[in-house]
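Let me begin by presenting the structure, written as structure tokens, before commenting on it.
In mature numbering (1 follows the signal peptide of the UniProt record, and there is no 0), the protein residues as written are -28 to -1, 1 to 137.
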């Protein structure tokens, strides 16, 4: 019985830890100026093996499950609400590209706090590593899948004469 109480207590504290840490990381991430994400950073580059996002769909079937991911705006009102994308124009698409970069960065950073469990019991460590990966990697994959497609759409819009000022 003591062991069960200990596990329940540990699970509760781990859950609270992740809730507080991830909400704070997301909140801080929304405060990073857009100009940071307009620059070309290597971490946001689409690599050759990704084949403009096709790799992610071929190996992870992104199109089949990406719509099931909770929209971050439902948890944090500072996160870009994709539902307000009413018109497809270069300004809106550029904003979406910026937000894919922001989301990817936030979710990479959200994995890092798992190091606090490094000295903990093996089971606690493994469960928290699993949680950190399951909660963040799918979102990173979706961003890496969507961004090249949005970038291509932006190029098409600009080529057709719609200019972004």
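All C-beta atoms, glycine included, are put in the ideal place defined by N, C-alpha and C.
None of the values given here were measured: they were computed from a predicted structure.
query                                                                                     : result
Reduced DSSP category for residue -19 - H, G, I as helix; E, B as strand; rest coil       : helix
First and last residue of the uninterrupted alpha helix (DSSP H) at residue 59            : That residue, residue 59, is in no alpha helix (DSSP H); it is neither H nor E in DSSP.
Segment limits, alpha helix (DSSP H) that includes residue 34                             : 34 to 37
The segment 58 to 68 in contact with the segment 81 to 88 per 3-pair CB rule at 8 Å       : no
Three-state class that DSSP yields for residue 6 in the structure shown                   : helix
Burial state of residue 14 (16 or more Cβ within 10 Å)                                    : exposed
Delimiting residues of the alpha helix (DSSP H) encompassing residue 120                  : 94 to 131
Beta carbon of residue -11 nearer than 9 Å to that of residue 107                         : yes
Buried or exposed (CB count within 10 angstroms, at least 16 for buried), residue 30      : exposed
For residue 131 and residue 25, believed in contact at Cβ under 8 Å, the rounded distance : No, residue 25 and residue 131 are not in contact; Cβ-Cβ is about 19 Å, not under 8 Å.
7 Å Cβ shell around residue 100 - same chain, five flanking residues per side excluded    : -15, 86 and 89
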